[in-house]
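**Q**
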Amino acid sequence: MSLDTQFRSCTDTPVLKERGQREVFCGLTGIIWLHRKMQDAFFLVVGSRTCAHLLQAAAGVMIFAEPRFGTAILEEKDLAGLADANAELDREVARLLARRPDIKQLFLVGSCPSEVIKIDLSRAAERLDGIHAPHVRVLNFSGSGIETTFTEGEDACLESMVPALPATDAAELLVVGALPDVVEDQMLSLLAAMGAGPVRTLPARRSTELPAVGANTRFILVQPFLGATHAALIKRGAKPISAPFPFGEEGSTLWFHAVADALGLDRAKVDAVLAAPRARAQKSVAAVAETLRGKSIFFFPDSQLEIPLARFLARECGMLPVEVGTPYLHRELMAPELALLPHGPMISEGQDVELQLDRARAARADLTVCGLGLANPLEAEGLTTKWAIELVFTPVHFYEQAADLAGLFARPLRRHALLTPEAAE
Amino acid sequence: MKLTLWTYEGPPHVGAMRVATAMKGLHYVLHAPQGDTYADLLFTMIERRNHRPPVTYTTFQARDLGADTANLFKDAARGAYERFQPQAMIVGASCTAELIQDDPGGLAEALNLPCPVIPLDLPSYSRKENFGADETFFQIVKVLAKPMDRTESVTCNLIGPTALGFRHRDDVTELTRLLATMGVTVNVCAPLDATPADIARMGAAHFNVLMYPETAETAARHLEKTLGQPFTKVVPIGTHATRDFLAEVAAITGLALPAETGLRQPWYAASVDSTYLTGKRVYIFGDGTHVIAAARIAAKEIGFEVVGLGCYNREQARPVRAAAKTYGLEALITDDYLEVEAEIARLQPELILGTQMERHIAKRLGIPCAVISAPVHVQDFPARYSPQMGFEGANVIFDTWVHPLVMGLEEHLLTMFREDFEFHDAAGPSHHGAKASARPEAPVAEAGASGGDIYAERMTQEPVTGDVIWLADAERELKKIPFFVRGKAKRNTEKFAADKGVTAISIDTLYEAKAHYAR
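For the protein sequence lines, the chains are A and B, in the order given.
No gaps in the numbering here: position 269 of the first sequence is 269 in our numbering, and each next residue is one more.
Counting from 1 along the second sequence, just add 1000 to a position and that's the residue number in our numbering.
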C-alpha cells in the first residue's frame, strides 16, 4: 500500500483518553528480559512481597535457575525509620556483591512502597557507587506501578544509564532498545553491509561494551516505549532519527531507509543489501496473511507496541483494527506510525478496564489482544484472544521475524478453526 | 529488609483474593496501585478460571498521592457495587495502600452501600498469603454466620477450600462422597463455591470439617465458640488418616463407620511389585498440613524412610515440629528456598515430595520429585479427577509418588547391565518417554560449579565428608552404582569412613560400608 492521495491515516484521529482500573503490569516486569539481556547486571528491587510475587508470576518458571534479580523485601521494622532502611540496603548490597563478583552493574529498582515511604534510591545508588566503584557501577530507576506501565520499566532503566555513558565526539550510530541477541545480530550485520558502522547498542550485552554518546551521535529506537530515554539522549547532544518501528517488511525497510538517509548512505547499495531479506519477509508474511486477511482485531493496552503492530497487521496482513489501545501515546514517536495506520480504528490511551471490556464485547472482533488476566475469561465468552505478553517475549523485529510476528496472531485463529470446524466459514 | 529471590507465599491480599475468587456473589475492592492486577493471571492462567477474579483495583498513580486517593477508593467501591451487585463486599489495602493509610473500611462504611461491607486488615509487611486467606475467611464468617436451628438430618460444613488451592476442587467432591457413605450431607462448602447467603446459613450444620487448617482454622475455632459446632482435627489425606477422620466423624455424630469402598492403595503397597519401594529415602517440604500427611503416608503406608521434612508457613511450625520428632527428625521451618535446596543437597534423598519450588530444586539436583502442596503451577490442575483426600486420594497419591521412580524390575536390570549403551541409568525411567540428556554425575558439585547462584557457597558445602577423600578406583566403582541409589551409597560410605577414622575411601571401604548398612 502506498501513500497515494486516497489514503487517509490516523494522524488526526481523536484519541479516547480513559482513566480507571488498569489491567496491566507495572514497570518491574521489564526486569524479566533486561536481566537476561545485560549479562553482568543485577537488578535489586527495593519493595514488598507483592513485588517479589509479581516477578515470580511474570517470570513463571523459565528462569528459575539463576535469576540475576532479587527483591529486598521491606519489613515492618524498615518502615519505622529510614536510616535503618539505608543501613539494611547497604548490608544486603554488600552481601550480594561479595557473592556475585561477576556483577559489574547493579540497578537499585524503586517500587510502589519504596516510593511512597520515600526511600531515596538515587542517593543510595550514589553512596553505594562510591563504595563499590570502579568494580561495580550502581544506578537506580523506578519500576513502580505508580510511575511506570509495563515496558516503561525498560525506558526508565535505559534512561538511568544515559547520564553515566562516556562522552565522545565520534560520529556513531546508536541503536536503542533491548532486542533478542539473534535479532540484534541480524540487524547489526545488515547495518554493517549498508556501510552504517560503527554501530553501538543500548543496552549492551556487557558493561564493557557500553556505548559513548555525544553531539555527533545519531540514534534510532527499535522499541516504541522509550520516550524518556529518547529525551535523555537528546539532552546529551545526540540527534534522533525518526522512523516507523521495524515490525514487518515495510516497517523494517522504512527504518533502514531512515538510517541510510540520516547517515547519507548510498541508497542503491542499501537497497541491494536489503533486497534478499525484504523478498523473504514479503513472501513469508504473505503466506501467514492468508489467515489474517479481512479479520478484525481489538487491542487492549499493554506494551505501547499496539500502534506499530496494528499498522503492520493492517497494511501487510490485511487485518481490520477496531480499537487500538495503548497505555501511553507518545505523539512525537508515534507520528510516523499514525501517518501509516489506515483511518478507521478507535485509538484509546489509558484504561478503564470495565468500560473497555464492554466495548470489546460489543465489537466481538475476530481477535482480541489482551493481557493474561483477561484472556481465558474472554475465551470463555466466545472471543478468540492473543496474549499480549508474548509479543514482548518473542523475537518479532526486522525481516526474518516478520512472518513469526504475523504467525503469533494467526495461530489463535487457526487453532480456533481446528477445534471448532463448524464455526469456520 | 530481607533479600528474596523466589517466594513460597504471596502477600496477604493474594490470600484474600483466593477466598474472594473461590466464592460467588462476593466482591473485593482492593486499594492498590497499577500493576497489582498481575494477581488476576494467577487465577485465570494457573487455574484456567473462565472468569476474572471478582476484584476491583483502585489503580492509584503517583499524581494521586497526596491529592485524593480516598475519593478514588470511594468511586471504585461505589462503581463496583453498581456494576456487580454483590451480596456482600470485602474491602482492603494492598502493601502500598497500607502505607498511605486511607482506611478503606471506614471509607466504605461511609458510602452506606446496600450490602454488608466487611473490612480486612491484612498487615502486608509482616504476614503472608495463607494468613490473608485465613483471616479473610474468618472475617466473612464472623460477620455473616449467625446462630440458627440445626438441620434435622446430620449435616456438616466443609471449610477451607479456596481458589488456587492444591487439588481443593477434587478434595471437596471426594469428601462429599465419603461423608455420604456415613449418611452425612454437606450443608455448606466454603469458601469454594459459597455465596454470602450460604455463609449465613452455616449455623445449620451439626459440625465442621476443617479441610485445610492453613485457610480456615481461625474460622473453625470461631464457629466452635460462637455456634457450638465442633470441628474435625484429622485431615483425611492418606489411608490411615482417612480412617481416623471417619472415626472422628463417627464420634462427633454417633453414626456408624461406613464400609470402605474403592480403596486400592494398601494392596498396591503390599503387592510384591512394590518391594523395591522399601526404605527409599524421601525428603518432604510444603505447607504444614500436606507435609504432616505426606510424612505419615510415606513412613506407614508406602514404607519409605523420611530423611527430612519441613514447612514454609510458620503458622504450622508447631505441629510440623511435633510430627518430625516422631520420625526422629528436626523440622526445617523456613520460607527461604535456598535453605531447602541446601538441605536437600546435603541429604541426597532418592525422592522429593514438595512444592513446585522443590520440583525445580529436584530438576537441578537430578532427583525424582512429586508435588504434594501449594504453591501451585498449571500442572497442579489436571483435567482428570485427582483428589488428595479420602480413599481415592490415597490411590492417587500412591500412583503420583511412584511414577517418578525407576520401577522395581527395571531397577534390577539397570544394576545388572549398567554398562549397556542403550539401557544405562542416565536414560531415565523407561515409562517417562523422551528424556533429556544425561543427568549430572555429581549434582552437588554441579550446582556449586555453575557459579551463578548468589548463595553458591552454601551449596558447595560438602555434607558429611570432613577430610575424607575418594581414591580413583573407588570413585569409578561408585559410578557403577545406579544413580537412584548412588547418593545414598556415597553418603553412607563417607559417614562410615568418617566414623572409622578412614581418610581415603578405597573399593574395600565402599563394600565394607555396604555390608555395615545392609538390612
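Heads up, the beta-carbon is just placed ideally off N, CA and C, and yes, glycines get one too.
#1: Nearest by alpha-carbon distance to Asp-426/A: which of Gly-325/A, Ala-193/A, Pro-198/A and His-135/A is it?
#2: Just mark Glu-422/A as buried or exposed, buried being the case when its beta carbon has 16 or more other beta carbons within 10 Å.
#3: At a Cβ threshold of 8 Å, is Gly-373/A touching chain B?
#4: Ignore the nearest five residues each way along the sequence and tell me which others in Gln-186/A's own chain have a CB closer than 7 Å to its CB.
#5: According to DSSP, simplified to helix, strand and coil, what is Leu-179/A?
#6: CB-CB under 7 Å to Leu-1072/B, same chain, minus the five flanking residues each way: which ones, in chain order?
#7: Closer than 7 Å by C-beta to Leu-341/A: which residues in its own chain qualify, once you throw out the five before and the five after it? Chain order, please.
#8: Is the Cβ of Gln-56/A closer than 8 Å to any Cβ of chain B?
#9: Report the rounded CA-to-CA distance for Lys-1146/B versus Ala-1241/B, giving the unit in angstroms.
#10: Does the beta carbon of Glu-426/A come closer than 8 Å to any beta carbon on chain B?
#11: Are the beta-carbon atoms belonging to Pro-1011/B and Ser-48/A less than 8 Å from one another?
#12: If contact is defined by three or more beta carbon pairs under 8 Å, each pair taking one atom from either stretch, is the segment 1137–1156 of chain B in contact with the segment 1329–1340 of chain B?
#13: In the DSSP assignment, what residue or residues form a beta bridge with His-1206/B?
#14: How is Asn-140/A classed by DSSP in three states: helix, strand or coil?
#15: If we cut at 8 Å on Cβ distances, does Arg-1083/B have a partner in chain A?
#16: Do you know offhand how far Ala-1219/B's Cα is from Gly-1286/B's?
#17: In this structure, how does DSSP classify Glu-323/A when only helix, strand and coil are distinguished?
#18: Is there contact here, the segment 1198–1209 of chain B with the segment 1133–1148 of chain B, by at least three beta-carbon pairs under 8 Å?
#19: Considering only their Cβ atoms, is the gap separating Leu-1471/B from Ser-1506/B smaller than 8 Å?
#20: Taking only three categories from DSSP, how would you classify Tyr-1008/B?
#21: Run the CB neighbour count on Arg-1384/B, radius 10 Å, all protein chains shown included, and call it buried at 16 or more, exposed below.
#22: How about Asn-1492/B and Tyr-1511/B: do their beta carbons lie closer than 8 Å?
#23: Between the Cα of Ala-238/A and the Cα atoms of Glu-23/A, Pro-211/A, Ala-52/A and Gly-248/A, which residue gives the shortest distance?
#24: Select from the segment 1084–1099 of chain B all residues with a C-beta closer than 7 Å to any C-beta belonging to chain A, and list them in chain order.
#25: Give me the Cα-Cα distance between Ser-1450/B and Pro-1349/B, rounded to the nearest whole angstrom.
#26: Mark Trp-1267/B as exposed unless 16 or more other C-beta atoms lie within 10 angstroms of its C-beta, in which case mark it buried.
#27: Do Leu-274/A and Thr-253/A count as a contact pair if the criterion is CB distance below 8 Å?
#28: Does DSSP classify Val-24/A as helix, strand or coil?
#29: Let me know the secondary structure DSSP gives Gly-195/A once reduced to three states.
#30: Closest to Val-15/A by CA distance: which of Glu-354/A, Ala-403/A, Met-346/A and Val-369/A is it?
#31: Taking DSSP as the reference, what is the three-state secondary structure of Phe-1137/B?
#32: Between Glu-75/A and Ser-1126/B, how many whole angstroms is the CB-CB distance? I'm expecting something under 8 Å.
#33: With DSSP as the reference, label Tyr-1517/B as helix, strand or coil.
#34: Is it right to say Gln-6/A is buried, meaning 16 or more other beta carbons lie within 10 angstroms of its own, or is it exposed?
#35: With distances taken Cα to Cα, identify the nearest neighbour of Val-176/A among Ser-144/A, Ile-234/A and Asp-366/A.
#36: May I ask you to verify whether the segment 131–138 of chain A touches the segment 102–112 of chain A, counting CB pairs closer than 8 Å and requiring at least 3?
**A** Taking the geometry as given:
#1: Residue 426/A is absent from the model: chain A starts at 1 and stops at 425.
#2: Mapped onto the first sequence, residue 422/A falls at position 422. Exposed, since its Cβ has fewer than 16 Cβ neighbours within 10 Å.
#3: Counting from one through the first sequence, the residue named residue 373/A turns up at place 373. At least one chain B Cβ lies under 8 Å of Gly-373/A.
#4: The residue labelled residue 186/A in the question sits at position 186 within the first sequence. Around Gln-186/A: Phe-398 and Glu-400.
#5: The residue you call residue 179/A lines up with position 179 of the first sequence. Leu-179/A falls in the coil class under three-state DSSP.
#6: Here residue 1072/B corresponds to residue number 72 of the second sequence, with the count starting at 1. For Leu-1072/B, where only same-chain residues beyond five positions count, the Cβ hits under 7 Å are Thr-1058, Phe-1060 and Asp-1064.
#7: The residue labelled residue 341/A in the question sits at position 341 within the first sequence. Same-chain partners within the cutoff: Ser-9, Cys-10, Ile-307, Ala-310, Arg-311 and Ala-314.
#8: To locate residue 56/A, count along the first sequence from 1; it is residue 56. Chain B contact via Cβ: present.
#9: Walking along the second sequence from the start, residue 1146/B turns up at place 146. Walking along the second sequence from the start, residue 1241/B turns up at place 241. So the two alpha carbons sit approximately 31 Å from each other.
#10: This structure leaves residue 426/A out entirely; chain A is present only between 1 and 425.
#11: Translated into positions along the second sequence, residue 1011/B becomes position 11. Translated into positions along the first sequence, residue 48/A becomes position 48. Going by C-beta atoms, Pro-1011/B is nearer than 8 Å to Ser-48/A.
#12: no
#13: Walking along the second sequence from the start, residue 1206/B turns up at place 206. Paired residues: none, contrary to the question.
#14: By one-based count along the first sequence, residue 140/A stands at place 140. The answer is strand: DSSP assigns Asn-140/A an E or B state.
#15: As a first step, residue 1083/B must be located in the second sequence, where it is residue number 83. So, interface residue.
#16: Start at 1 with the first residue of the second sequence, and residue 1219/B comes out as number 219. Start at 1 with the first residue of the second sequence, and residue 1286/B comes out as number 286. Whole-angstrom Cα-Cα distance: 22 Å.
#17: Within the first sequence, numbered from 1, the residue matching residue 323/A stands at position 323. It is a strand residue.
#18: yes
#19: As a first step, residue 1506/B is located in the second sequence; it is residue number 506 there, counting from the start. As a first step, residue 1471/B is located in the second sequence; it is residue number 471 there, counting from the start. Yes, the Cβ-Cβ distance between Ser-1506/B and Leu-1471/B is below 8 Å.
#20: Position 8 of the second sequence, counted from the start, is the residue given in the question as residue 1008/B. If DSSP states are grouped into helix, strand and coil, Tyr-1008/B belongs with coil.
#21: The count along the second sequence starts at 1 and reaches residue 1384/B at position 384. Exposed is the call here.
#22: Your numbering for residue 1492/B matches position 492 in the second sequence. Your numbering for residue 1511/B matches position 511 in the second sequence. No; because the gap between Cβ atoms is not below 8 Å, this pair is not in contact.
#23: Indexing the first sequence from 1 puts residue 238/A at position 238. Of the listed residues, the one whose Cα sits closest to Ala-238/A is Pro-211/A.
#24: Ser-1094, Cys-1095, Thr-1096 and Leu-1099
#25: Reading the second sequence from its first residue, position 450 is the one you call residue 1450/B. Reading the second sequence from its first residue, position 349 is the one you call residue 1349/B. Confidence is the limiting factor: at Ser-1450/B the pLDDT is only 34, short of 50, which leaves the residue's position unreliable, though a coordinate-based value still follows. Computed Cα separation, rounded: 21 Å.
#26: One-based indexing of the second sequence puts residue 1267/B at position 267. Under this definition Trp-1267/B is an exposed residue.
#27: Here residue 253/A refers to the residue found at position 253 of the first sequence. Here residue 274/A refers to the residue found at position 274 of the first sequence. Yes, Cβ-Cβ distance for Thr-253/A and Leu-274/A is below 8 Å.
#28: Position 24 of the first sequence, counted from the first residue, corresponds to residue 24/A. Correct three-state label for Val-24/A: coil.
#29: Mapped onto the first sequence, residue 195/A falls at position 195. Residue state, collapsed to three classes: coil.
#30: Position 15 of the first sequence, counting from 1, holds the residue named residue 15/A. If we check each option's Cα against that of Val-15/A, Met-346/A comes out closest.
#31: Here residue 1137/B corresponds to residue number 137 of the second sequence, with the count starting at 1. Three-state DSSP puts Phe-1137/B in a helix.
#32: For the purposes of this step, residue 75/A is identified with residue 75 of the first sequence, where counting begins at 1. For the purposes of this step, residue 1126/B is identified with residue 126 of the second sequence, where counting begins at 1. Going by Cβ atoms, the distance from Glu-75/A to Ser-1126/B rounds to 7 Å, so yes, they are a contact pair.
#33: Position 517 of the second sequence, counted from the first residue, corresponds to residue 1517/B. The answer is helix: DSSP assigns Tyr-1517/B an H, G or I state.
#34: Taking the first sequence and counting its residues from 1, the one referred to as residue 6/A is at position 6. The residue in question, Gln-6/A, is exposed, as its Cβ has fewer than 16 Cβ neighbours within 10 Å.
#35: Here residue 176/A refers to the residue found at position 176 when the first sequence is read from its first residue. Answer by Cα proximity: Ile-234/A.
#36: yes
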